[in-house]
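Chemist: Same order as they appear, the protein sequences are chains A and B.
Mapping the first sequence onto the working numbering, position 73 (from 1) lands on 204, and the numbers just tick up by one.
Mapping the second sequence onto the working numbering, position 81 (from 1) lands on 220, and the numbers just tick up by one.
Here it is: the structure, laid out below.
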Amino acid sequence: MFVLPTFGLGVIASPTFTSVFDDTLTFPTIQVFDTEAEFIDQTDAPNYTIVHAKNTDRLYVWHDSEQRWYIYEEDSSV
Amino acid sequence: MSTLTTHTTASRDAHSAGLCKFNTTTKAIEVSDGTNWSIYDYDSGTVSPVTNTLSAVFDGATDKLDCGNSSIFGPTGGLTLSAWVKQANSSSTHTLIQKQNVSTDGYSLQLASGSFHFRGTMTSGSPITNFGSGFTSTTDWYHLCVTHDGSTTLKGYVNGVLQATYTTSSLSTNNISVKLGWHTNHTPSYLTGKLDECSIFSSALDASTVTQIYNGGNPIDLTIDQGNYNSSSDLIGYWRMGDGASDTDSGGGSPASGDVIGTVVNLAGGYGNGTVTGGSPEYLNDTP
Numbered sequence: 132m133f134v135l136p137t138f139g140l141g142v143i144a145s146p147t148f149t150s151v152f153d154d155t156l157t158f159p160t161i162q163v164f165d166t167e168a169e170f171i172d173q174t175d176a177p178n179y180t181i182v183h184a185k186n187t188d189r190l191y192v193w194h195d196s197e198q199r200w201y202i203y204e205e206d207s208s209v
Numbered sequence: 140m141s142t143l144t145t146h147t148t149a150s151r152d153a154h155s156a157g158l159c160k161f162n163t164t165t166k167a168i169e170v171s172d173g174t175n176w177s178i179y180d181y182d183s184g185t186v187s188p189v190t191n192t193l194s195a196v197f198d199g200a201t202d203k204l205d206c207g208n209s210s211i212f213g214p215t216g217g218l219t220l221s222a223w224v225k226q227a228n229s230s231s232t233h234t235l236i237q238k239q240n241v242s243t244d245g246y247s248l249q250l251a252s253g254s255f256h257f258r259g260t261m262t263s264g265s266p267i268t269n270f271g272s273g274f275t276s277t278t279d280w281y282h283l284c285v286t287h288d289g290s291t292t293l294k295g296y297v298n299g300v301l302q303a304t305y306t307t308s309s310l311s312t313n314n315i316s317v318k319l320g321w322h323t324n325h326t327p328s329y330l331t332g333k334l335d336e337c338s339i340f341s342s343a344l345d346a347s348t349v350t351q352i353y354n355g356g357n358p359i360d361l362t363i364d365q366g367n368y369n370s371s372s373d374l375i376g377y378w379r380m381g382d383g384a385s386d387t388d389s390g391g392g393s394p395a396s397g398d399v400i401g402t403v404v405n406l407a408g409g410y411g412n413g414t415v416t417g418g419s420p421e422y423l424n425d426t427p
């Protein structure tokens with residue numbers, strides 16, 4: 132079960148100088164973003180970082196060597 | 140940091156209830172219940188999108204971009220047309236990319252009253268190939284893509300999904316210039332709406348490549364091979380509508396939203412830059 136973490140606004144802001152990815156979280160608690168746009172163009176995530184976007188209900192896994200996010204669609208919700 | 144550890148299909152870890160792994164062979168997320176692995180296949184992949192801040196908006200009446208008549212734009216061994224469009228209405232015919240002289244030569248990519256059309260090279264007797272209907276949104280961007288293998292196979296994709304496959308005649312060339320956002324041969328039609336990231340390839344891209352270009356709705360840099368996209372060497376036309384490094388407004392300056400378009404550079408080579416030959420199409424801060 133994934134638990135929605137809380138995080139400060141500063142975590143998802145200022146992508147130019149500060150990584151948007153929260154290095155205080157350890158699996159299986161994953162970082163939840165409000166929108167895919169907040170991280171989709173970031174390339175500084177550690178390999179195999181897993182995150183969730185609330186506006187798409189997708190999971191994303193970053194594959195650093197391929198420089199791409201793998202996307203997992205939600206199949207259902209309860 | 141919430142990162143997954145990994146294993147491969149050939150060397151999966153021993154079971155442990157709740158163990159969650161990323162399979163580097165299949166890219167699946169795998170979760171053990173202690174006995175079996177539940178496998179969550181990835182549905183798509185997205186490479187880092189290209190920075191995209193501007194598109195081109197056409198008035199549906201007089202706005203024209205012309206990219207000239209380079210012979211390079213008439214490949215016979217294969218062809219792919221790709222463009223993003225946000226139509227302002229779903230009741231008229233919007234031409235996105237066109238290089239057509241008579242009804243059965245060249246190519247024309249259109250969204251016509253919500254139907255995805257290709258005009259040009261095809262079986263005799265029909266000037267239009269209809270890949271499907273129902274594309275009527277005026278608030279969403281559509282990615283439209285047509286591929287022709289140079290022989291007889293024509294395919295159409297919307298948002299990375301194959302809509303239909305048709306048997307056609309081989310590709311035929313002409314001496315007509317490539318036009319973006321308008322079409323004046325036989326049935327004139329002008330785009331009313333926005334156009335972005337137009338491209339032409341000298342090969343038929345396969346389905347996985349088209350899906351990668353769609354990239355979950357986030358355009359990628361087509362000059363760089365990445366992810367499942369490995370066709371940059373076949374790129375013969377690539378117009379980014381204000382986001383090309385040397386694109387200009389009508390005054391020769393850097394493009395900004397609201398500026399009338401000057402030159403839209405073909406990033407695939409030193410030919411075929413788009414210039415305004417009618418009306419006053421503008422750059423706009425509205426992009427896929």
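Yeah, the Cβ is synthetic: ideal placement off N, Cα and C, and Gly gets one too.
As the structure is a computational prediction, the values presented were derived from the model and not from experiment.
Start and end of the alpha helix (DSSP H) containing ILE352/B?
Modeler: From DSSP, the alpha helix (DSSP H) with ILE352/B extends over 346–353.
Chemist: Does the segment 348–361 of chain B come close enough to the segment 183–203 of chain B to have 3 or more Cβ pairs within less than 8 angstroms?
Modeler: Because the criterion of three Cβ pairs below 8 angstroms is met, the segment 348–361 of chain B and the segment 183–203 of chain B touch.
Chemist: How would you list, in chain order, the residues of chain A whose beta-carbon sits under 9 angstroms from the beta-carbon of CYS337/B?
Modeler: Per Cβ cutoff of 9 angstroms: no residues; CYS337/B is ~21 angstroms from chain A at best.
Chemist: Distance, Cα to Cα, ARG258/B vs ASN313/B?
Modeler: In a straight line, the C-alpha of ARG258/B is about 14 angstroms away from that of ASN313/B.
Chemist: If the cut-off is 7 angstroms on Cβ atoms, which residues from the segment 161–186 of chain B count as contacting chain A, listed in chain order?
Modeler: Within the segment 161–186 of chain B, the qualifying residues are PHE161, LYS166, ILE168, TYR179, TYR181, ASP182, SER183, GLY184, THR185, VAL186.
Chemist: Terminal residues of the continuous beta strand (DSSP E) containing TYR422/B?
Modeler: That run of the beta strand (DSSP E) goes 421–423.
Chemist: When you compare the CB of SER263/B with every CB in chain A, is at least one pair closer than 8 angstroms?
Modeler: Only weak support exists for where SER263/B lies, its pLDDT of 49 falling under 50; the value from the coordinates is given anyway. Closer than 8 angstroms: no.
Chemist: Any idea which residues DSSP pairs LEU310/B with across the strands?
Modeler: None; LEU310/B has no bridge partner.
Chemist: The segment 343–375 of chain B: which residues have C-beta closer than 7 angstroms to a C-beta of chain A, in chain order?
Modeler: Per Cβ criterion, the list reads GLY355, ASN357, GLN365, GLY366.
Chemist: Which class does ILE359/B belong to by DSSP, given the choice of helix, strand or coil?
Modeler: Three-state result, ILE359/B: coil.
Chemist: Note the first and the last residue of the continuous beta strand (DSSP E) segment covering PHE158/A.
Modeler: Segment: none, PHE158/A is in no beta strand (DSSP E) and carries neither H nor E.
Chemist: Give the secondary structure of SER263/B by DSSP, where H, G and I count as helix, E and B as strand, and everything else as coil.
Modeler: Low confidence applies here, because SER263/B scores a pLDDT of 49, under 50, leaving its location unreliable; read the following figure in that light. Looking at SER263/B - three-state DSSP - the assignment turns out to be coil, as it is neither helix nor strand.
Chemist: Should the segment 326–338 of chain B be called in touch with the segment 364–382 of chain B, which here means at least 3 C-beta pairs below 8 angstroms?
Modeler: As far as the Cβ criterion goes, the segment 326–338 of chain B touches the segment 364–382 of chain B, which means the pair count is three or higher.
Chemist: Just the chain B side, please: which residues come within less than 8 angstroms of ASN178/A by C-beta, in chain order?
Modeler: Result: THR142.
Chemist: So that I know if they touch, is there some Cβ in chain B lying closer than 8 angstroms to that of THR166/A?
Modeler: Closer than 8 angstroms: no.
Chemist: Tell me which residue opens and which closes the beta strand (DSSP E) that ASP335/B is part of.
Modeler: 331–340 is the span of the beta strand (DSSP E), which, as asked, contains ASP335/B.
Chemist: Against THR145/B, what residues of chain A qualify as contacts under a CB-to-CB distance less than 8 angstroms, listed in chain order?
Modeler: Ordered by position in chain A, the residues that pass the 8 angstroms Cβ test against THR145/B are TYR179.
Chemist: Tell whether a beta-carbon distance below 8 angstroms holds between THR232/B and SER247/B.
Modeler: Cβ atoms of THR232/B and SER247/B: not closer than 8 angstroms.
Chemist: Hey, out of THR277/B, GLY207/B, VAL224/B, HIS287/B, whose CA is closest to VAL404/B's CA?
Modeler: If we check each option's Cα against that of VAL404/B, GLY207/B comes out closest.
Chemist: Can you confirm whether ARG284/B, when its beta carbon is compared against all beta carbons of chain A, has any partner nearer than 8 angstroms?
Modeler: A small fix is needed here, since residue 284/B is Cys in this sequence, not Arg. So, not an interface residue.
Chemist: Cβ-heavy atom distance between TYR246/B and the ligand ADP below 7 angstroms?
Modeler: With respect to the ligand ADP, the structure offers nothing, as it holds no ligand at all.
Chemist: Would you identify the three-state DSSP class for ILE211/B, choosing helix, strand or coil?
Modeler: It is helical.
Chemist: So with Cβ pairs under 8 angstroms, would you call ASP195/A a contact of chain B?
Modeler: Not one chain B Cβ lies under 8 angstroms of ASP195/A.
Chemist: Are the CB atoms of GLY320/B and PHE197/B nearer to each other than 8 angstroms?
Modeler: In contact: GLY320/B and PHE197/B (Cβ atoms closer than 8 angstroms).
Chemist: Going along chain B in order, which residues have a C-beta closer than 7 angstroms to the C-beta of GLU204/A?
Modeler: Here the neighbours are ASP182.
Chemist: So the beta strand (DSSP E) LEU204/B belongs to, where does it begin and stop?
Modeler: First-last of the beta strand (DSSP E) with LEU204/B: 203–205.
Chemist: Report yes or no: do three or more beta-carbon pairs, one from the segment 280–290 of chain B and one from the segment 213–226 of chain B, lie closer than 8 angstroms?
Modeler: Touching, per the Cβ criterion.
Chemist: With a threshold of 7 angstroms on Cβ separation, who are the neighbours of GLY355/B within its own chain once the five nearest residues in sequence on each side are excluded?
Modeler: Here the set comprises SER183, THR185.
Chemist: Quick check: what's the CA-CA separation for ILE315/B versus LYS238/B?
Modeler: Cα to Cα, the separation comes out at about 6 angstroms.
Chemist: Beta strand (DSSP E) containing LYS294/B: first to last residue?
Modeler: Counting along the chain, the beta strand (DSSP E) containing LYS294/B begins and ends at 292–297.
Chemist: Taking only beta carbons into account, state which residues of the segment 145–159 of chain B come closer than 9 angstroms to chain C, listed in chain order.
Modeler: Of the protein chains in this structure, namely A and B, none is chain C.
Chemist: Report the three-state DSSP secondary structure of SER196/A (helix, strand or coil).
Modeler: Of the three classes helix, strand and coil, the one that applies to SER196/A here is helix, per DSSP.
Chemist: Rounded to a whole number of angstroms, what is the C-alpha to C-alpha distance between GLU205/A and ASP180/B?
Modeler: Cα to Cα, the separation comes out at about 11 angstroms.
Chemist: Looking only at its own chain, which residues have a Cβ that is under 7 angstroms from the Cβ of ASN424/B, when we skip the five neighbours before and after it?
Modeler: Contacts found: THR192, LEU193, SER396.
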